[in-house]
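Chains as they are written, first to last, in our numbering: chain A, 1 to 294; chain B, 295 to 607; chain C, 608 to 1129. First comes the structure, then the notes that go with it.
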Amino acid sequence: MSETALSTSLARPSAAPVLQELSFTMRLQKIGLNPTLLAGLVLLTIVVVAAISAPLLTPYNPIEQNLNETFQPPFSPKHVLGTDNFGQDIWSRIVYGTRLDLQIGLISVLFPFIFGSLMGIATGYLGGWLDTLFMRVVDVLMAFPFLILVVAIMSVLGPGLTNLYIGFGIVGWIPYQRITRGETLATRNLEFVHAARTIGCSTPRIMLRHILPNVIGPGLVYVFTGMVLAILIGATLSFVGLGPQPPTPEWGAMIASGRQFLMRGWWITALPGFALLIVGVALSLIGDGLADKR
Amino acid sequence: MGRATYIRNRLFLMVFVLFGVTILVFSMVHFLPGDPAATILGDRGTVQNIAELHEQLGLNRPLPEQYWLFVSGLVRGQMGTSLMFRQPVSEMVLSRVPITIGLTVYTMLLAAVFTLVFGLLAAVNKGRWVDQTIRVAFLFILTTPNFWFGIQLILVLSLALKWFPVAGFGANFQEHVWYLFLPALTLSLQLSAVLIRNLRSQVILTMRSDFVRTARAKGLPDRVVLLQHTVRNALLSTVTIFGLQFGFLVGGALVIETVFAIPGIGQLLFSSISARDYPVVQAITVVSAVMVIMVNLIVDVSYSFLDPRVTYE
Amino acid sequence: MAHTRRALSLFSRAFGAALLVGACMVPALSHAAQAPVVLKMARNAEPGIFIPWLIDDNTALFTLGNVYDGLLRVTKDGASVEPALATTWETSTDGLSWTFHLRPGVKFSDGSPLTSNDVKVSLDLARGGKRTVWSDNYKAIKDIQTPDASTVVVNLTAPHAPLLSELAMFPAWIMKADMATATDQPGYDDSMAWASKGTGGYYTESWKKGDPVILKRNPNYWKNTPAVDEVDIEYVPDDNTRVLKLQGGEDDIVDFVPFSQIDALNQQPGVKAMDFPIQQTTMVMLNVTKPPLGDVNVRQALNYATDKDAIIKTVFFGQAQPMNAPIPLGTYADVESPGYPYNLDKAKALMAASSVPNGFTLPMIVSSNNQDRINTAIILKDEWAKIGVNVDIQQLENSAFRAAYHGEGNFFAAPTAWTNDMNDPTEIVNYEMRGGPGSGSFAYWTRYYSPELNDRITQADLEQDPSKRQSDYIAIQRAYLNDAPLVFIANLGATAAWRDNVNGFLIDGLSYYRFEDVTLSR
Chain A
1 MSETALSTSL ARPSAAPVLQ ELSFTMRLQK IGLNPTLLAG LVLLTIVVVA AISAPLLTPY
61 NPIEQNLNET FQPPFSPKHV LGTDNFGQDI WSRIVYGTRL DLQIGLISVL FPFIFGSLMG
121 IATGYLGGWL DTLFMRVVDV LMAFPFLILV VAIMSVLGPG LTNLYIGFGI VGWIPYQRIT
181 RGETLATRNL EFVHAARTIG CSTPRIMLRH ILPNVIGPGL VYVFTGMVLA ILIGATLSFV
241 GLGPQPPTPE WGAMIASGRQ FLMRGWWITA LPGFALLIVG VALSLIGDGL ADKR
Chain B
295 MGRATYIRNR LFLMVFVLFG VTILVFSMVH FLPGDPAATI LGDRGTVQNI AELHEQLGLN
355 RPLPEQYWLF VSGLVRGQMG TSLMFRQPVS EMVLSRVPIT IGLTVYTMLL AAVFTLVFGL
415 LAAVNKGRWV DQTIRVAFLF ILTTPNFWFG IQLILVLSLA LKWFPVAGFG ANFQEHVWYL
475 FLPALTLSLQ LSAVLIRNLR SQVILTMRSD FVRTARAKGL PDRVVLLQHT VRNALLSTVT
535 IFGLQFGFLV GGALVIETVF AIPGIGQLLF SSISARDYPV VQAITVVSAV MVIMVNLIVD
595 VSYSFLDPRV TYE
Chain C
608 MAHTRRALSL FSRAFGAALL VGACMVPALS HAAQAPVVLK MARNAEPGIF IPWLIDDNTA
668 LFTLGNVYDG LLRVTKDGAS VEPALATTWE TSTDGLSWTF HLRPGVKFSD GSPLTSNDVK
728 VSLDLARGGK RTVWSDNYKA IKDIQTPDAS TVVVNLTAPH APLLSELAMF PAWIMKADMA
788 TATDQPGYDD SMAWASKGTG GYYTESWKKG DPVILKRNPN YWKNTPAVDE VDIEYVPDDN
848 TRVLKLQGGE DDIVDFVPFS QIDALNQQPG VKAMDFPIQQ TTMVMLNVTK PPLGDVNVRQ
908 ALNYATDKDA IIKTVFFGQA QPMNAPIPLG TYADVESPGY PYNLDKAKAL MAASSVPNGF
968 TLPMIVSSNN QDRINTAIIL KDEWAKIGVN VDIQQLENSA FRAAYHGEGN FFAAPTAWTN
1028 DMNDPTEIVN YEMRGGPGSG SFAYWTRYYS PELNDRITQA DLEQDPSKRQ SDYIAIQRAY
1088 LNDAPLVFIA NLGATAAWRD NVNGFLIDGL SYYRFEDVTL SR
């Protein structure tokens, strides 16, 4: 914790809480100075810019086939990252794939994070029948491996991005609910919460203004892990044949379909993996940066 | 309520949860489009022989009757007959469960080791090159799909160096340990990547908190500070994530079991869903539900051991 | 912090030990070649039910072919039949009765002698048992008599030329009578069928899913050839892993080698890969009830716009032939058929003359578990775009894929493939071309219906004179080709790879795996 926080607590003679609640403004002041966070944001910005300006950066249409130029290795004269088994330019496919994978990462965690965290606070703070209900629902849902549930949902609804988000939405909120609930359980008995109750704050106010800022941290860090995992699950779904429809340039699908050519064209599988790496690194750096500065 | 009452109530509720699971999985799997008879007969299917096989497999009976047969069989310990393989499901499933559990436990053990070693190393050396290297390395590991990562390990460690077999399961316990090392390594490295980040950030955070400063100010040696104060606190959220990664692990095991040809239930579950082999799907989900519920319970109870602030209302 | 370092070094030592222990648990397995010669194979799927007239899946079939025989068997190229359990046969002048003389001295794997009763019981179960799903193939049989222990008389309701092929087909394989009868009793545990009693080169004692399938040499085999004492077949679902296991020496043979890896494997020392010619075709089903696919101009245009050579090169890596005849290259296939050579101009002209001169959107469903079909769809999308057809690829999970074209037939186009099960054209011609009510497959699910063609097919099935039958079938194929309810793509082979010391492994014309002639040199 910072000097400011410590001195503030010392300046208040009446209460000497063991853990100080930080106001949101104080947090914001910290963020801009963190090098890790900065690095992550810069990298992510590059990726996002690449996604937006894809047509400007790529000489080929990502689904343009050229059956006479198949399996060209990277650094070929006409194809900087080579071609795949259909003669499609891999650089173009990777850049266009940025759009799709960023979208998958972002949208997949949006609802789960919001819904899961709010529910985590509610169940952790209020307890009672709400908590029990959620425990049971979570128990039933978690009885199935996440991938299996998503596969089953996709099998019923049919493949496609929208159904992927629905599948994630139905089960993806659980980690956030559990993390936030755990933090809430640990926080609800602290002095400042008792203090707020004593002075008559309403329950929702307590939950949103006092508890939420203090428990949202681990959940927020997990968001970035969650985004990367969402993209990877998308890749796994392509592995089992339920990913975006071919010939859509999506990294996971590219990795999955490139596997059959391990000996002939290792770059078809490897290069999209590096693209995934870059985005994953960017997101993770942001997550780390946020964690370091709480 | 005390801890013991809590546990007792949870176990009691487990029965209801299992009931919910059976209903959910039964409706889900019968809701999936497709006819197992048509899938089994494949390209030789005609309208007539599909209908005949459909009848033979007992699929013409009304759904409530099929559900009742399923549940009543479960209670007696029978899980029906596989539609695809015409073998008793209980044998098929129960012989494979230990294999997947073995792989999962192996993975979690390796992951625990990696997490503690590298997580603490990174936290303690925050900002220095040790920390950076660890974080970068595990970052790379985290962001690759596990099937790709597994194949790279095979290429390097099995084909090039010949330290481990390419795939399979082996014939006795020694061989199992050897054959399962690569798959467990693949899964545990990825699992550790997630846990290390969390442990590291939690340790850093806790080390800066007031009560640690107090402990240090009191003159307690760093080792005591580290182990008794910091790690226990930091473990709380790490254990949470560990617990809910179990579901991810089984899903990951499914892919890994396919790549490494391990006869576990992950792979069986997936192929049975594809083939609409209802009895197998139903049986596996019930068995894995029991496993997962137990793990959840252990995780929840361990909160109270790790963090005295946690109470049960 | 010394204590931290100590704690951490403890951890690292423990970790290092664990790693070492794992790495050092190398089983000491380098036995020299002992008395039993064992062949290790890795396969892409596990078998289902193990009873000849109940078989539904290819994997069980390829295993079963080594365990059971029929009265006749298919020749190695799949083009005709040869004696197996029957050495000679003759037919009555009216063609209504066939007499088969059994090979003398044949024994089952348990040592008991083969008698005509075993043949009768097995065949009766195939054509009329409670559980058979293949009774349709044996409709022509009225009854079966056994005048003595080495003679079987098959009486027909009408003269039936394909009879010999049907008797060589897998539902007609002969099981020992007592076991055969048991399989039809209510409550029979099908896993018992794995304690096989057949006359083939190998037998099985048991099998549990998850275990390798173990084939043991039948000491009583009438052909006496198997040099390999035991074949262990393990299940390795992932294509790449199977190939890696072969390269690593853990397996001697693997099947379903991806086409893209055949050449590369052949260039490696110590392994050999091959694409065996089998009676298999790949094509695209077009649902003629969905406009504009009801317009024959459109269907022909799609055929002319298909650059088969490009597909063969890109999807099958040269390991296939263009498909010109509408059925696989087996008996009475129309080998002179002109087919649909790639001709973009002609395709465009046909589209211009059709009901949709400006093109249309064509949804195409593909099963997600077959990479070759997916790749074919991707190429077709590109090729057909040139005549204004916009293909919308929809990958469906395997069971959903099948459901889509069965039942109501809610699909437009779907790639598929077919392998002959018998060396007579009647099977595929009926499956592919017979439509209308009462048909079992609605003309390969295309819902194509030509009553006139149906009649011609019925006639050709009944025709006794071989040369007349041949010309009948060829005429049928030409007529069907013109109507083009399918887009014809390629004739495919079956791939396998093995280590250099394996000789004599064969995939025959109907895609069965034969182990009886395999020898292992060291």
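We put the beta carbon where it would ideally sit given N, CA and C, even for glycine. None of the values given here were measured: they were computed from a predicted structure.
V581(B) beta carbon less than 8 angstroms from that of V319(B): no
Strictly under 8 angstroms for the Cβ-Cβ distance: is A1101(C) near chain A by that measure? no
Cβ-based contacts, 8 angstroms cut-off: residues of the segment 476 to 500 of chain B near chain A: V488, R491, N492, S495, Q496, I498 and L499
Using a C-beta cutoff of 8 angstroms, does L388(B) count as contacting chain C? no
Establish whether the CB of N85(A) and some CB of chain E are separated by less than 8 angstroms. The chain labelled as chain E is not found among the protein chains of the depicted structure, namely A, B and C.
By Cβ distance below 7 angstroms, which residues in the same chain neighbour L771(C) in space, the five residues on each side in sequence not counted? L679 and V688
Using a Cβ cut-off of 7 angstroms, which residues of the segment 802 to 831 of chain C contact any Cβ in chain B, in chain order? K815, K816 and G817
Rounded to whole angstroms, what's the CA-CA distance from R1121(C) to T316(B)? Just pull it up for me. 44 angstroms
To which residues of the same chain is Q928(C) closer than 7 angstroms at the C-beta, ignoring the five residues directly before and after it? So the qualifying residues of the chain are A1097 and N1098.
Is the beta carbon of V761(C) less than 8 angstroms from the beta carbon of L1093(C)? no
What's the gap between the Cα of N607(C) and the Cα of V42(A)? Absent from the structure is residue 607(C), since the part of chain C shown begins at 608 and ends at 1129.
With 8 angstroms as the threshold, decide whether the Cβ of N419(B) is near any Cβ in chain A. Chain A, which has no Cβ nearer than 8 angstroms to the Cβ of N419(B), makes this no.
In this structure, does DSSP put N1098(C) in helix, strand or coil? strand
With a threshold of 8 angstroms between beta carbons, is Q72(A) in contact with chain C? no
What are the boundary residues of the alpha helix (DSSP H) that includes H194(A)? E191 to T198
Take N440(B) as the anchor and find which of L548(B), Q576(B) and V341(B) has the nearest alpha-carbon. L548(B)
Mind listing the chain B neighbours of T788(C)? Cutoff is C-beta to C-beta under 9 angstroms, in chain order. Near T788(C) there are no residues of chain B at all, since even the closest Cβ is about 18 angstroms away, more than 9 angstroms.
Buried or exposed: A465(B), going by 16 or more other Cβ atoms within 10 Å of its Cβ? exposed
Name the residue from I860(C), N873(C), Q1066(C) and D1107(C) whose alpha carbon lies nearest to the alpha carbon of S1128(C). D1107(C)
Nearest to L1003(C) by alpha carbon, out of V279(A), P244(A), I174(A) and I121(A)? For L1003(C), the nearest C-alpha among the options comes from P244(A).
Name the DSSP bridge partner or partners of F310(B)? None; F310(B) has no bridge partner.
Find the residues of chain A that neighbour E841(C), judging by a C-beta separation of less than 9 angstroms, and give them in chain order. Within chain A, no residue comes near E841(C); the closest Cβ sits about 21 angstroms away, beyond 9 angstroms.
Relative to the alpha-carbon of S596(B), which residue among F536(B), V311(B), A583(B) and G328(B) has its alpha-carbon at the smallest distance? Of the candidates F536(B), V311(B), A583(B) and G328(B), the one whose C-alpha sits nearest the C-alpha of S596(B) is F536(B).
Within 8 angstroms, strictly: CB atoms of I934(C) and V1036(C): yes
When L483(B), L410(B), A416(B) and L353(B) are compared against L529(B), the one with the closest alpha-carbon: L410(B)
Got a sec? Which residues, its chain only, sit under 7 angstroms from A282(A) by beta carbon, not counting five neighbours each side? G40, L43, L44 and V47
Run the CB neighbour count on K852(C), radius 10 Å, all protein chains shown included, and call it buried at 16 or more, exposed below. buried
Answer with buried or exposed for E1143(C), where buried requires no fewer than 16 other C-beta atoms within 10 angstroms of its C-beta. Only positions 608 to 1129 of chain C appear in this structure, which leaves residue 1143(C) out of reach.
Identified DSSP bridge partners for T534(B): Partner(s): none; T534(B) has no beta bridge.
G629(C), DSSP secondary structure in three states: Interpretation of G629(C) is limited by its pLDDT of 43, a score under 50 that renders its predicted location unreliable; the figure taken from the coordinates is listed afterwards. Helix.
Kindly indicate which residue of N354(B), V424(B), T394(B) and F463(B) has the alpha-carbon position closest to the one of A331(B). Nearest of N354(B), V424(B), T394(B) and F463(B) to A331(B), Cα basis: N354(B).
How far does the alpha helix (DSSP H) with M135(A) in it extend, from its first residue to its last? G128 to M142
To the nearest angstrom, how far is the alpha carbon of Q792(C) from that of A652(C)? 29 angstroms
To the nearest angstrom, how far is it from the Cα of R494(B) to the Cα of T508(B)? Approximately 21 angstroms between the Cα atoms of the pair.
Hey, quick one: how far does the alpha helix (DSSP H) through R429(B) stretch, first residue to last? Its alpha helix (DSSP H) spans residues W423 to L436.
For V633(C), collect the residues of the same chain with a Cβ closer than 8 angstroms to its Cβ; drop the 5 residues on either side in sequence, then sort them by chain order. Confidence is the limiting factor: at V633(C) the pLDDT is only 41, short of 50, which leaves the residue's position unreliable and the question unanswerable from this model.
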